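Student:
Numbering (my numbering), first residue to last: 1 to 413.
#1: Can you give the Cα-Cα distance for residue 269 and residue 277, rounded to whole angstroms?
#2: Take the Cβ of residue 377 as the centre, count every other Cβ of all protein chains shown within 10 Å, and call the residue buried at 16 or more, exposed below.
#3: Just grab the DSSP bridge partners of residue 99 for me.
#4: Which full runs of the alpha helix (DSSP H) of 4+ residues lie inside the region 127-158, going along the chain?
#5: How would you call residue 134, buried or exposed, if buried means at least 16 neighbouring beta carbons within 10 angstroms?
#6: Would you identify the three-state DSSP class for residue 94, choosing helix, strand or coil?
#7: Where does residue 187 sit, in a helix, a strand or coil, going by DSSP?
#8: Buried or exposed for residue 77, please, with buried defined as at least 16 other CB atoms from any protein chain shown within 10 angstroms of its CB.
#9: Quick check on the DSSP output: the alpha helix (DSSP H) that includes residue 119 runs from which residue to which?
#10: Cα separation between residue 213 and residue 207?
#11: DSSP on residue 51, reduced to helix/strand/coil?
#12: With a CB to CB cut of under 7 angstroms and the five nearest residues on each side skipped, what residues in its chain are close to residue 102?
#13: By how many angstroms is the C-alpha of residue 154 removed from the C-alpha of residue 117?
#14: Over what stretch of residues does the beta strand (DSSP E) that includes residue 69 continue unbroken?
#15: Pull up the DSSP beta-bridge partners for residue 34, would you.
#16: On the CB-based measure, 16 or more other CB atoms within 10 Å of its CB, does residue 136 come out buried or exposed?
#17: For residue 88, count neighbouring Cβ atoms within 10 angstroms of its own Cβ and tell me buried if that reaches 16, exposed if not.
#18: Can you grab the Cα-Cα spacing for the pair residue 185 / residue 106, in whole Å?
#19: Would you check if there are 3 or more beta carbon pairs closer than 8 angstroms linking the region 109-125 to the region 135-151?
#20: How would you write the range of the beta strand (DSSP E) that residue 62 sits in, first residue to last?
#21: So the candidates are 35, 54, 322; which of them puts its Cα closest to the Cα of residue 44?
#22: Could you give the residue range of the beta strand (DSSP E) that holds residue 29?
#23: Using 10 angstroms around the beta-carbon of residue 166, count the other beta-carbons present and answer buried if the total reaches 16, otherwise exposed.
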């Protein structure tokens, strides 16, 4: 009995330990300053899109074993010190701005989804660095739209403009900017201090302007008096100058008559001299024209006529030669045509005399007693004699006599 009770207690203790272990690994409690993200389950968010996780804020929940993974995201405030150097304001003045921003991860939908997508898994330093770089970029953008006077005189309005500028960019990251305080604004070129000095200078300027106005009024009155005196002096000088001008005009008019008469006399003399030289120049022109006719034009015309005559003579000779040659060619053609089939032989026989004379001129004088024709058959000598006789009858050429040293026809064998 005792052993049974002991075994039951052991089983109950093992079950309690196993249950405690399961609760310790699967049961999660979410603190108010954080948010639990159970990744793995799919659901729709408040803006209608489907996400692969579920959120738990300010409560507790059980993780589905093997299907979900639990992640925590800290929602506590982050203090970021901002410092922007050489940020150019409107007008091109470089400024240095120092401030402090309180920023945190958004804990409400739908901004929390942006934070989960972009910042989940990053540590605090990485998130602070991202927020710092974003705010510094927004700070430079706001500085570029404001003058140094606007930034320095109304820091609250400047911080408000920065909040409005950074709100959209931070929301895209899933961050919320709680507060922003501008602590110090300075510049290395001394523009802001110069602005303070400018205000004091404006007061001094106003005093000096008032003093200058009084002095100017006195100077104006003095100048007015001097002007009146000067105008009266000018009127007097003008009257004197007008009288002197009238006198000079009268003198000029008097001298003009004499000068005009003298000029007219000179012109008349020059005209008379030119008219006297005109016939002489005309005769000289005629002489030059005649000389030109005799020296240039006449020889040129004669040469032209001679060249024309020579050209005509040459052309006539060429024409006559051409006509004679054409007539000879025509007669030769007619003779050739009338001769019929023997025209070629006749033409060759006509040329044979001059050819034989040329050939025989190159042979020394020899005495030919007889011509022996060697050929097959006994009719060759007879044919040659007949050929020579026909040649003599048709052309009038005695071939036997034309040979050097022959006065009688050669005998044939």
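No residue lacks a Cβ here, since even glycine has one placed at the ideal position from N, Cα and C.
Keep in mind the model is a prediction, meaning the values are calculated, not measured.
Tutor: Let me lay it out:
#1: The residue given as residue 269 occupies position 269 in the chain shown. The residue given as residue 277 occupies position 277 in the chain shown. Those two C-alpha atoms are separated by around 13 angstroms.
#2: Start at 1 with the first residue of the chain shown, and residue 377 comes out as number 377. The predicted position of residue 377 is uncertain, since its pLDDT is 48 and thus under 50; no value can be drawn from it.
#3: Reading the chain shown from its first residue, position 99 is the one you call residue 99. Looking at the DSSP assignment, residue 99 forms a beta bridge with 82, 182.
#4: 148-153
#5: Within the chain shown, the letter at position 134 stands for residue 134. The residue is buried, with at least 16 neighbouring Cβ atoms inside 10 Å.
#6: Numbered from 1 along the chain shown, position 94 holds the residue referred to as residue 94. If DSSP states are grouped into helix, strand and coil, residue 94 belongs with the strands.
#7: Here the question's residue 187 lines up with position 187 in the chain shown. The answer is coil: DSSP assigns residue 187 none of H, G, I, E or B.
#8: Within the chain shown, the letter at position 77 stands for residue 77. Exposed is the call here.
#9: Here residue 119 is taken as the residue at index 119 of the chain shown, counted from 1. Start and end: 111-119.
#10: For the purposes of this step, residue 213 is taken as the residue at position 213 of the chain shown. For the purposes of this step, residue 207 is taken as the residue at position 207 of the chain shown. Near 10 angstroms, if we compare the C-alpha coordinates of residue 207 and residue 213.
#11: Position 51 of the chain shown holds residue 51. Strand at residue 51.
#12: Indexing the chain shown from 1 puts residue 102 at position 102. Only 77, 79, 178, 179 meet the Cβ criterion.
#13: As a first step, residue 117 must be located in the chain shown, where it is residue number 117. As a first step, residue 154 must be located in the chain shown, where it is residue number 154. Whole-angstrom Cα-Cα distance: 38 angstroms.
#14: Locating residue 69 in the chain shown gives position 69, counting from the first residue. Run containing residue 69: 69-74, per the beta strand (DSSP E) assignment.
#15: In the chain shown, counting from the first residue as 1, residue 34 sits at position 34. According to DSSP, which records beta bridges pairwise, residue 34 is partnered with 74.
#16: For the purposes of this step, residue 136 is identified with residue 136 of the chain shown, where counting begins at 1. When all chains shown are included, residue 136 counts as buried.
#17: The count along the chain shown starts at 1 and reaches residue 88 at position 88. The residue is exposed, with fewer than 16 neighbouring Cβ atoms inside 10 Å.
#18: Position 185 of the chain shown holds residue 185. Position 106 of the chain shown holds residue 106. Approximately 30 angstroms, taken between the alpha carbons.
#19: no
#20: In the chain shown, the residue the question calls residue 62 occupies position 62. Run containing residue 62: 60-62, per the beta strand (DSSP E) assignment.
#21: Reading the chain shown from its first residue, position 44 is the one you call residue 44. Selected option, being the one with the closest Cα: 54.
#22: In the chain shown, residue 29 corresponds to position 29, counting from 1. First-last of the beta strand (DSSP E) with residue 29: 27-29.
#23: Locating residue 166 in the chain shown gives position 166, where the first residue counts as 1. It is buried - the Cβ of residue 166 has at least 16 other Cβ atoms within 10 Å.
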